[in-house]
Amino acid sequence: MNVNGQFASKGTDYAEEEVISHLWVQLLIHINVYFYGVWLVVTIVYLNQEFATISGIEKILSILSLVVAIPLEAVRLYLGHTGNLMSAIPNFAGFLILSLLIQLPLQIYLLLATHTISHTLATVVQSVTIAILALQIIVGVPAMRQLSAFRRKQFQAQRWQYMGRRTETKAVR
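So, in structure tokens, the structure goes:
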């Protein structure tokens, strides 16, 4: 802000860019960031503890699920955080796509695996993870619609502002 209490321009023809973020999505992402460490430790500890007793195919599926889910969760949370706070539609859409199409099925498999079902703590932690993920999807889809409608209106306003300036310069000539 400048001295008059009005926003200064960044040297472009347009005013500063507005951003819109959704509080509940950000809150759920923030909770998920901290719960991610708990989920990681509990899942690895109980898989390691039951590794000798589970079948060969379940060993392979569980390890593969974790190898995909662990880095994907970090990327997904980063995309959600930046997409929501910076009103970046591609990042936020990536967050929702990764949540719904990849992370949710992996987490459901890890909940239903025998090494998780046989332990109460692992089942509770996995259930909380799935609940947070489902809430992020449920709250994220309307937030994405709101964000895209906001960006569309913003684009249209900028387009009409540009067209008005272009018409003014033609009239001056």
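The opening position of the sequence shown corresponds to residue -5 in the numbering used here, with each subsequent residue numbered one higher.
Cβ atoms here follow ideal geometry from the backbone N, Cα and C, with glycine treated the same way.
L98 sits close to L127, with the two beta carbons spaced by under 7 Å. When C-alpha distances from Y103 are compared across K53, N42, Q152, I23, the shortest belongs to K53. By the Cβ criterion, the region 114 to 123 is not in contact with the region 155 to 165, since fewer than three pairs of Cβ atoms, one from each stretch, lie closer than 8 Å. Listed in chain order, the non-local C-beta contacts of L34 below 8 Å within the same chain comprise I64, local neighbours out to five positions each way being set aside. Only residues of its own chain outside the window of five on either side were considered, and among them Y40 have a CB closer than 7 Å to the CB of H113, listed in chain order. Under the three-pair Cβ rule at 8 Å, the region 72 to 92 does not count as touching the region 55 to 62. If you draw a straight line from the Cα of N78 to the Cα of W18, it is about 10 Å long.
DSSP places S56 in the uninterrupted alpha helix (DSSP H) bounded by 50 to 79. Nearest to T110 by alpha-carbon distance, out of F144, Q155, Q43, is Q43.
Buried is the label assigned to S56, since at least 16 other Cβ atoms lie within 10 Å of its Cβ. Taking C-alpha positions only, L66 is separated from S93 by approximately 9 Å. For the pair L21 and R146, the Cα-to-Cα distance works out to about 25 Å.
In chain order, Q101, I102, L105 place their CB closer than 7 Å to the CB of I124, counting only its own chain and leaving out the 5 sequence neighbours on each side.
Residue environment for G134: buried (at least 16 other C-beta atoms within 10 angstroms of its C-beta). Around the beta carbon of H24, fewer than 16 other beta carbons lie within 10 angstroms, which makes this residue exposed.
Annotation: the continuous alpha helix (DSSP H) that includes L34 extends over 17 to 44. Per DSSP, reduced to three states, the secondary structure at T161 is helical.
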